[in-house]
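Here the structure comes first, spelled out in structure tokens, and everything after it is commentary.
Residue numbers (the working numbering): 10 to 325.
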């Protein structure tokens, strides 16, 4: 019981003033669902009326925290000193604020950071020191205004398992930017403006790939390597209407596919068509309304089908 009393006292102290500044956050045991679960956290989410600036006064009270949650506020400005001193952080969330810029050198001292959530802000650029955080395993950048992945050194983040870039303005994600991410199991790219997809032949642990709602004009003929787990693969709501059987054949048993019910799937010959139908027996294949799709009705064979599809000639 003594530790409960001590924790209550510590929590009460978080509302003291430090050098004339008040700390509006709660100092609590770390959230067991996030990295740094063996330490303590500053919980600054949903502060009354919403924080408009980062409460650095709190960091002076307990700089050794392993988690900081600043989500669901009105923060619009981050400075290079906003995270000074909290070098033990393993989890940091700025989710759902109004941040437009993160200056250089803001993140470079966070050498133990594993979980970073910058989603639902107004970022059009990312700080270069983000790509030095090689301990990151979870990176959430969705629902921003990012438009140029060519300048992102994503390939440096070799330990990343989850990469979320959904709902941005990206037109391209180079294959080389993700080819080094051998631990990647979740990649969210939906609701962007992608015209091409990266090849994922080296990402053998991939379990979830969402690319629906883009501007894809074609799908890669060979996209996946020898996947080790069932894959959830959603590619519905794209302007491309032709899919190669060879793109789908590497999918393991119990994979989940969401695709358009007006897509044609092209096999190179009868044998490949039969192989695809055999493997598809263990897959769940749905359309955008979650209605089952009979793959047999969409399958076409090169050299046999010559009918134009959506005004386009067959791809083979």
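Idealized CB from N, CA, C, for every residue including glycine.
Small disclaimer: the values here were computed from a predicted structure and weren't measured.
(message) Does the distance between the C-beta of residue 81 and the nearest non-hydrogen atom of the ligand MG fall short of 8 Å?
(response) Judged by which ligands are present, the structure shown has none, so any question about the ligand MG falls away.
(message) Please list the terminal residues of the continuous beta strand (DSSP E) segment that includes residue 102.
(response) 100 to 102
(message) Tell me which residues share the same chain as residue 247 and place their Cβ nearer than 6 Å to its Cβ, disregarding the 5 neighbours each side in the sequence.
(response) 223, 225
(request) List the endpoints of the continuous alpha helix (DSSP H) containing residue 255. (result) 254 to 257
(message) Assuming contact is defined by CB atoms lying nearer than 9 Å, are residue 172 and residue 196 in contact in what I supplied?
(response) yes
(message) Let me check one thing: in DSSP terms, what residues is residue 217 bridge-paired to?
(response) 195, 241
(request) Work out the CA separation of residue 266 and residue 249 for me, nearest whole Å. (result) 16 Å
(message) I need the straight-line Cα distance from residue 63 to residue 79, nearest angstrom please.
(response) 8 Å
(request) Quick one: measure Cβ to Cβ for residue 155 and residue 122, integer angstroms, because I've assumed they're closer than 8 Å. (result) Contact doesn't hold; Cβ gap of about 19 Å is too wide.
(request) Take residue 252 and list the residues in its own chain whose beta-carbon comes closer than 6 Å to its own, dropping the five residues that flank it on each side. (result) 228, 272, 274
(request) Look up residue 8 in the DSSP assignment and say whether it is helix, strand or coil. (result) Residue 8 lies beyond the residue range present for the chain, which begins at 10 and ends at 325; the question has no answer from this structure.
(request) Indicate the three-state DSSP secondary structure (helix, strand or coil) for residue 163 in the structure shown. (result) helix
(request) Locate the beta strand (DSSP E) running through residue 171, then write down its first and last residues. (result) 171 to 173
(message) Taking the straight line between their C-alpha atoms, what separation do you get for residue 39 and residue 281?
(response) 52 Å
(request) Taking residue 126 as part of the beta strand (DSSP E), name the residues at either end of that continuous run. (result) 124 to 126
(message) Can you find the residues in the same chain that come closer than 8 Å, C-beta to C-beta, to residue 158, ignoring five residues on each side of it along the sequence?
(response) 174, 179, 181, 182, 183, 186
(message) Going by beta-carbon coordinates alone, are residue 100 and residue 124 separated by less than 9 Å?
(response) yes
(message) Whole angstroms are fine: how far does the CA of residue 297 sit from the CA of residue 137?
(response) 37 Å
(message) residue 126 and residue 95 - do their beta-carbons sit closer together than 9 Å?
(response) no
(message) Tell me the rounded alpha-carbon separation between residue 28 and residue 90.
(response) Low per-residue confidence applies at residue 28: pLDDT is 46, beneath 50, and the placement is therefore not dependable enough to give any value.
(message) So for residue 276, helix, strand or coil by DSSP?
(response) strand
(request) Could you please give me the residues that DSSP links to residue 283 through a beta bridge? (result) For residue 283, which the question treats as bridged, DSSP gives no partner whatsoever.
(message) Does residue 154 come out as helix, strand or coil in the three-state DSSP assignment?
(response) coil
(request) Let me know if residue 44 comes out buried or exposed under the rule of 16 or more other beta-carbons within 10 Å of its beta-carbon. (result) buried
(request) Could you please give me the residues that DSSP links to residue 38 through a beta bridge? (result) 49
(message) Which of the three DSSP states is assigned to residue 251 in this structure?
(response) strand
(request) Give the single residue among 97, 103, 66 whose Cα lies nearest to the Cα of residue 30. (result) 66
(message) Looking at chain C, is there any beta carbon in it that lies within less than 9 Å of the beta carbon of residue 233?
(response) The structure shown contains no chain C; it is built from a single protein chain.
(request) Tell me whether residue 290 is buried or exposed, calling it buried when 16 or more other Cβ atoms sit within 10 Å of its Cβ. (result) exposed
(request) Could you check what DSSP says for residue 95 in three-state terms: helix, strand or coil? (result) coil
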